[in-house]
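Following this line, the structure appears as C-alpha coordinates:
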(Lines of atoms letter the chains of each structure in order from A and count residues from 1; the text may use other names and numbers.)
(Lines give C-alpha, C1' and ligand atoms only; values in the text may rest on other atoms or scores of the structure.)
Protein backbone atom coordinates (compact mmCIF):
# COMPACT_ATOMS: atom_id res chain seq x y z
CA UNK A 1 0.00 0.00 0.00
CA UNK A 2 1.35 3.38 -1.04
CA UNK A 3 1.98 5.87 1.79
CA UNK A 4 2.02 9.68 1.58
CA UNK A 5 4.25 12.07 3.41
CA UNK A 6 2.80 14.43 5.97
CA UNK A 7 3.43 17.34 3.58
CA UNK A 8 1.41 15.76 0.78
CA UNK A 9 -1.42 14.92 3.18
CA UNK A 10 -1.47 18.53 4.39
CA UNK A 11 -1.68 19.86 0.83
CA UNK A 12 -4.55 17.49 0.03
CA UNK A 13 -6.40 18.61 3.16
CA UNK A 14 -5.96 22.30 2.29
CA UNK A 15 -7.19 21.74 -1.29
CA UNK A 16 -10.25 19.90 -0.02
CA UNK A 17 -11.13 22.71 2.38
CA UNK A 18 -10.71 25.30 -0.37
CA UNK A 19 -12.90 23.34 -2.79
CA UNK A 20 -15.67 23.08 -0.20
CA UNK A 21 -15.39 26.80 0.60
CA UNK A 22 -15.64 27.76 -3.07
CA UNK A 23 -18.66 25.52 -3.56
CA UNK A 24 -20.43 26.97 -0.52
CA UNK A 25 -19.59 30.51 -1.64
CA UNK A 26 -20.98 29.96 -5.13
CA UNK A 27 -24.12 28.36 -3.73
CA UNK A 28 -24.67 31.35 -1.45
CA UNK A 29 -24.01 33.83 -4.25
CA UNK A 30 -26.43 32.19 -6.68
CA UNK A 31 -29.14 32.13 -4.03
CA UNK A 32 -28.67 35.81 -3.16
CA UNK A 33 -28.63 37.20 -6.68
CA UNK A 34 -32.00 37.76 -8.33
CA UNK A 35 -31.63 36.40 -11.86
CA UNK A 36 -32.24 38.82 -14.72
CA UNK A 37 -35.22 37.87 -16.87
CA UNK A 38 -34.12 35.52 -19.63
CA UNK A 39 -30.46 36.53 -19.54
CA UNK A 40 -31.05 40.28 -19.62
CA UNK A 41 -32.56 40.96 -23.04
CA UNK A 42 -34.19 39.23 -25.94
CA UNK A 43 -37.52 38.51 -27.60
CA UNK A 44 -39.91 35.59 -27.80
CA UNK A 45 -42.57 35.04 -30.43
CA UNK A 46 -45.45 32.79 -29.39
CA UNK A 47 -48.39 31.59 -31.46
CA UNK A 48 -50.73 28.59 -31.14
CA UNK A 49 -48.24 26.46 -33.09
CA UNK A 50 -45.21 27.14 -30.89
CA UNK A 51 -42.59 29.63 -29.73
CA UNK A 52 -39.35 31.00 -31.13
CA UNK A 53 -36.64 32.94 -29.31
CA UNK A 54 -34.98 35.85 -31.13
CA UNK A 55 -32.31 38.40 -30.51
CA UNK A 56 -33.68 41.94 -30.45
CA UNK A 57 -32.04 42.73 -33.79
CA UNK A 58 -33.69 39.67 -35.33
CA UNK A 59 -37.07 40.82 -34.01
CA UNK A 60 -36.47 44.28 -35.50
CA UNK A 61 -35.70 42.77 -38.90
CA UNK A 62 -38.73 40.47 -38.71
CA UNK A 63 -41.00 43.37 -37.78
CA UNK A 64 -39.65 45.46 -40.66
CA UNK A 65 -40.19 42.70 -43.22
CA UNK A 66 -43.82 42.26 -42.14
CA UNK A 67 -44.43 46.02 -42.16
CA UNK A 68 -43.02 46.46 -45.67
CA UNK A 69 -45.26 43.60 -46.84
CA UNK A 70 -48.27 45.31 -45.25
CA UNK A 71 -47.42 48.54 -47.06
CA UNK A 72 -47.52 46.61 -50.33
CA UNK A 73 -50.75 44.78 -49.37
CA UNK A 74 -49.06 41.41 -49.80
CA UNK A 75 -50.50 38.13 -48.48
CA UNK A 76 -49.07 36.33 -45.49
CA UNK A 77 -47.57 33.70 -47.78
CA UNK A 78 -45.21 36.34 -49.18
CA UNK A 79 -44.04 37.13 -45.64
CA UNK A 80 -43.45 33.44 -44.90
CA UNK A 81 -41.28 33.13 -48.01
CA UNK A 82 -39.34 36.26 -47.07
CA UNK A 83 -38.71 34.98 -43.53
CA UNK A 84 -37.54 31.56 -44.67
CA UNK A 85 -35.19 33.23 -47.14
CA UNK A 86 -33.82 35.71 -44.60
CA UNK A 87 -33.28 33.01 -41.98
CA UNK A 88 -31.27 30.96 -44.45
CA UNK A 89 -29.30 33.90 -45.84
CA UNK A 90 -28.50 35.90 -42.70
CA UNK A 91 -30.29 34.34 -39.69
CA UNK A 92 -32.50 37.45 -39.76
CA UNK A 93 -29.54 39.75 -39.14
CA UNK A 94 -28.64 42.84 -41.13
CA UNK A 95 -25.11 41.92 -42.20
CA UNK A 96 -23.07 44.86 -43.40
CA UNK A 97 -20.55 42.67 -45.17
CA UNK A 98 -20.78 39.55 -47.25
CA UNK A 99 -21.16 36.27 -45.40
CA UNK A 100 -18.58 34.47 -47.49
CA UNK A 101 -20.26 35.07 -50.87
CA UNK A 102 -18.43 37.87 -52.61
CA UNK A 103 -20.35 41.16 -52.31
CA UNK A 104 -23.52 39.85 -50.64
CA UNK A 105 -24.87 42.18 -47.91
CA UNK A 106 -27.92 42.80 -45.78
CA UNK A 107 -30.78 40.66 -44.56
CA UNK A 108 -31.27 38.83 -47.86
CA UNK A 109 -27.58 38.83 -48.81
CA UNK A 110 -28.38 40.72 -51.99
CA UNK A 111 -25.48 41.64 -54.26
CA UNK A 112 -24.85 45.09 -55.73
CA UNK A 113 -23.09 43.43 -58.66
CA UNK A 114 -26.33 41.69 -59.58
CA UNK A 115 -28.33 44.90 -59.72
CA UNK A 116 -30.08 44.79 -56.35
CA UNK A 117 -28.85 48.26 -55.41
CA UNK A 118 -25.98 50.04 -53.73
CA UNK A 119 -24.44 48.67 -50.54
CA UNK A 120 -25.73 51.58 -48.47
CA UNK A 121 -29.24 50.82 -49.74
CA UNK A 122 -29.09 47.07 -49.22
CA UNK A 123 -28.07 47.38 -45.58
CA UNK A 124 -31.36 49.22 -44.96
CA UNK A 125 -33.85 46.42 -44.12
CA UNK A 126 -36.74 48.52 -45.44
CA UNK A 127 -35.11 48.91 -48.85
CA UNK A 128 -33.87 45.31 -48.95
CA UNK A 129 -37.30 43.96 -48.06
CA UNK A 130 -38.91 46.11 -50.71
CA UNK A 131 -36.53 44.80 -53.37
CA UNK A 132 -37.16 41.21 -52.29
CA UNK A 133 -40.94 41.58 -52.48
CA UNK A 134 -40.74 43.44 -55.80
CA UNK A 135 -38.94 40.42 -57.25
CA UNK A 136 -41.16 37.86 -55.51
CA UNK A 137 -44.44 39.18 -56.92
CA UNK A 138 -43.02 38.66 -60.40
CA UNK A 139 -42.63 34.93 -59.75
CA UNK A 140 -45.57 33.21 -61.42
CA UNK A 141 -47.93 31.52 -58.94
CA UNK A 142 -45.53 32.14 -56.06
CA UNK A 143 -48.32 31.68 -53.51
CA UNK A 144 -49.01 28.11 -54.61
CA UNK A 145 -45.52 26.96 -55.49
CA UNK A 146 -43.31 25.15 -52.96
CA UNK A 147 -41.59 27.74 -50.82
CA UNK A 148 -38.07 26.82 -51.87
CA UNK A 149 -38.98 27.20 -55.55
CA UNK A 150 -40.43 30.69 -55.07
CA UNK A 151 -37.47 31.78 -52.93
CA UNK A 152 -34.98 30.37 -55.39
CA UNK A 153 -36.60 32.23 -58.29
CA UNK A 154 -35.82 35.45 -56.42
CA UNK A 155 -32.44 34.61 -54.92
CA UNK A 156 -30.84 32.37 -57.54
CA UNK A 157 -28.88 30.67 -54.78
CA UNK A 158 -26.43 27.82 -55.19
CA UNK A 159 -28.78 25.49 -53.30
CA UNK A 160 -32.37 26.67 -53.33
CA UNK A 161 -33.63 23.60 -51.48
CA UNK A 162 -32.10 24.97 -48.26
CA UNK A 163 -34.92 27.51 -47.91
CA UNK A 164 -37.49 24.77 -47.30
CA UNK A 165 -36.10 23.86 -43.87
CA UNK A 166 -37.16 27.25 -42.48
CA UNK A 167 -40.79 27.22 -43.64
CA UNK A 168 -42.27 26.33 -40.23
CA UNK A 169 -40.35 29.12 -38.49
CA UNK A 170 -41.40 31.47 -41.26
CA UNK A 171 -45.07 30.61 -40.70
CA UNK A 172 -44.77 31.16 -36.96
CA UNK A 173 -43.08 34.54 -37.38
CA UNK A 174 -45.52 35.66 -40.07
CA UNK A 175 -48.55 34.87 -37.92
CA UNK A 176 -47.10 37.05 -35.15
CA UNK A 177 -45.53 40.02 -36.92
CA UNK A 178 -48.32 40.52 -39.46
CA UNK A 179 -50.63 41.01 -36.48
CA UNK A 180 -52.85 38.02 -37.23
CA UNK A 181 -52.10 36.57 -33.79
CA UNK A 182 -52.52 39.26 -31.09
CA UNK A 183 -49.90 39.94 -28.40
CA UNK A 184 -47.59 37.31 -29.89
CA UNK A 185 -44.38 39.35 -29.71
CA UNK A 186 -42.69 40.23 -26.44
CA UNK A 187 -39.23 41.66 -25.82
CA UNK A 188 -37.37 42.66 -22.68
CA UNK A 189 -34.27 44.62 -21.82
CA UNK A 190 -32.85 46.69 -18.98
CA UNK A 191 -33.82 50.36 -18.83
CA UNK A 192 -31.38 52.28 -16.62
CA UNK A 193 -32.59 55.72 -15.62
CA UNK A 194 -30.90 58.36 -17.74
CA UNK A 195 -29.52 61.27 -15.77
CA UNK A 196 -30.25 64.64 -17.30
CA UNK A 197 -27.16 66.75 -17.84
CA UNK A 198 -27.06 70.48 -18.44
CA UNK A 199 -25.74 71.46 -21.90
CA UNK A 200 -22.24 72.87 -22.00
CA UNK A 201 -21.58 76.44 -23.07
CA UNK A 202 -23.22 79.76 -22.37
CA UNK A 203 -26.67 79.52 -20.89
CA UNK A 204 -29.65 80.91 -22.75
CA UNK A 205 -31.85 83.25 -20.65
CA UNK A 206 -35.07 81.72 -19.44
CA UNK A 207 -37.96 82.15 -21.82
CA UNK A 208 -35.68 82.62 -24.84
CA UNK A 209 -34.52 80.17 -27.45
CA UNK A 210 -31.55 80.28 -29.75
CA UNK A 211 -32.48 80.70 -33.39
CA UNK A 212 -30.52 77.57 -34.32
CA UNK A 213 -32.07 75.37 -31.61
CA UNK A 214 -34.88 72.95 -32.34
CA UNK A 215 -36.97 71.11 -29.80
CA UNK A 216 -35.58 67.56 -29.56
CA UNK A 217 -37.92 64.82 -30.71
CA UNK A 218 -39.23 62.46 -28.08
CA UNK A 219 -38.45 58.74 -28.31
CA UNK A 220 -42.07 58.04 -29.19
CA UNK A 221 -42.07 60.64 -31.98
CA UNK A 222 -38.86 59.23 -33.47
CA UNK A 223 -40.38 55.74 -33.44
CA UNK A 224 -43.63 57.02 -34.93
CA UNK A 225 -41.79 58.78 -37.76
CA UNK A 226 -39.76 55.70 -38.63
CA UNK A 227 -42.87 53.52 -38.60
CA UNK A 228 -44.66 56.02 -40.84
CA UNK A 229 -41.64 56.02 -43.16
CA UNK A 230 -41.73 52.23 -43.31
CA UNK A 231 -45.47 51.99 -43.89
CA UNK A 232 -45.60 54.88 -46.31
CA UNK A 233 -46.91 58.46 -46.48
CA UNK A 234 -50.10 59.13 -44.58
CA UNK A 235 -49.66 56.28 -42.13
CA UNK A 236 -50.24 56.98 -38.48
CA UNK A 237 -50.59 54.91 -35.32
CA UNK A 238 -54.33 54.82 -35.85
CA UNK A 239 -55.33 51.17 -36.22
CA UNK A 240 -57.67 50.65 -39.17
CA UNK A 241 -58.16 47.03 -38.09
CA UNK A 242 -57.15 44.81 -35.20
CA UNK A 243 -54.60 43.04 -37.39
CA UNK A 244 -53.08 46.34 -38.49
CA UNK A 245 -52.98 47.48 -34.88
CA UNK A 246 -51.13 44.42 -33.68
CA UNK A 247 -48.69 44.69 -36.58
CA UNK A 248 -47.81 48.23 -35.43
CA UNK A 249 -47.74 47.20 -31.77
CA UNK A 250 -45.36 44.33 -32.55
CA UNK A 251 -43.12 46.66 -34.57
CA UNK A 252 -43.06 49.10 -31.64
CA UNK A 253 -42.12 46.39 -29.14
CA UNK A 254 -39.36 45.06 -31.40
CA UNK A 255 -37.91 48.57 -31.85
CA UNK A 256 -38.49 49.76 -28.28
CA UNK A 257 -34.84 49.42 -27.23
CA UNK A 258 -33.65 51.32 -30.30
CA UNK A 259 -35.95 54.27 -29.63
CA UNK A 260 -36.06 54.15 -25.84
CA UNK A 261 -39.76 53.29 -25.65
CA UNK A 262 -41.05 52.38 -22.20
CA UNK A 263 -44.68 51.57 -22.89
CA UNK A 264 -46.80 50.20 -25.74
CA UNK A 265 -50.57 50.03 -25.27
CA UNK A 266 -53.22 48.60 -27.60
CA UNK A 267 -56.52 46.77 -27.58
CA UNK A 268 -56.84 46.24 -23.83
CA UNK A 269 -53.20 45.24 -23.42
CA UNK A 270 -49.97 46.94 -22.33
CA UNK A 271 -46.29 46.06 -22.66
CA UNK A 272 -43.19 47.44 -20.94
CA UNK A 273 -39.56 46.27 -21.23
CA UNK A 274 -39.07 45.66 -17.52
CA UNK A 275 -41.74 42.94 -17.48
CA UNK A 276 -41.65 42.14 -21.18
CA UNK A 277 -40.39 38.61 -20.62
CA UNK A 278 -43.74 37.82 -19.00
CA UNK A 279 -45.66 39.17 -21.96
CA UNK A 280 -48.50 41.63 -22.35
CA UNK A 281 -50.65 42.63 -19.38
CA UNK A 282 -54.32 43.49 -19.31
CA UNK A 283 -55.03 47.23 -19.49
CA UNK A 284 -58.71 48.08 -19.77
CA UNK A 285 -57.91 51.67 -20.79
CA UNK A 286 -55.82 50.71 -23.84
CA UNK A 287 -57.68 51.71 -27.00
CA UNK A 288 -58.64 49.25 -29.73
CA UNK A 289 -58.47 52.02 -32.31
CA UNK A 290 -55.01 53.35 -31.73
CA UNK A 291 -51.57 52.05 -30.75
CA UNK A 292 -50.07 54.24 -28.02
CA UNK A 293 -46.30 54.40 -27.59
CA UNK A 294 -44.26 56.38 -25.11
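Numbering (this note's numbering), first residue to last: 25 to 318. Cβ atoms here follow ideal geometry from the backbone N, Cα and C, with glycine treated the same way.
- When DSSP states are grouped into helix, strand and coil, residue 78 belongs to the strand group.
- Under the criterion of beta carbons closer than 8 Å, residue 69 and residue 200 qualify as touching, at roughly 5 Å.
- Per DSSP, the continuous alpha helix (DSSP H) segment holding residue 145 begins and ends at 143-146.
- Here residue 302 is exposed, its C-beta having fewer than 16 other C-beta atoms within 10 Å.
- Sixteen is the threshold: when 16 or more other Cβ atoms of the shown chains lie within 10 Å of the Cβ of residue 66, as they do, the residue is buried.
- In this structure, the beta-carbon distance from residue 103 to residue 93 falls below 8 Å.
- DSSP places residue 210 in the uninterrupted beta strand (DSSP E) bounded by 209-212.
- For residue 71, the enclosing beta strand (DSSP E) covers residues 66-71.
- Shown here, residue 288 sits in a strand according to DSSP, grouped into three states.
- Residue pairing of residue 245 in beta bridges, as defined by DSSP: absent, with no partner found.
- Judged by DSSP in its simplified three-state form, residue 164 adopts coil rather than helix or strand.
- The alpha-carbon of residue 311 is positioned some 6 Å away from that of residue 292.
- With fewer than three CB-CB distances shorter than 8 Å, the region 182-194 does not count as touching the region 85-100.
- Under the 10 Å beta carbon count, residue 118 is surrounded by 16 or more other beta carbons and is classified as buried.
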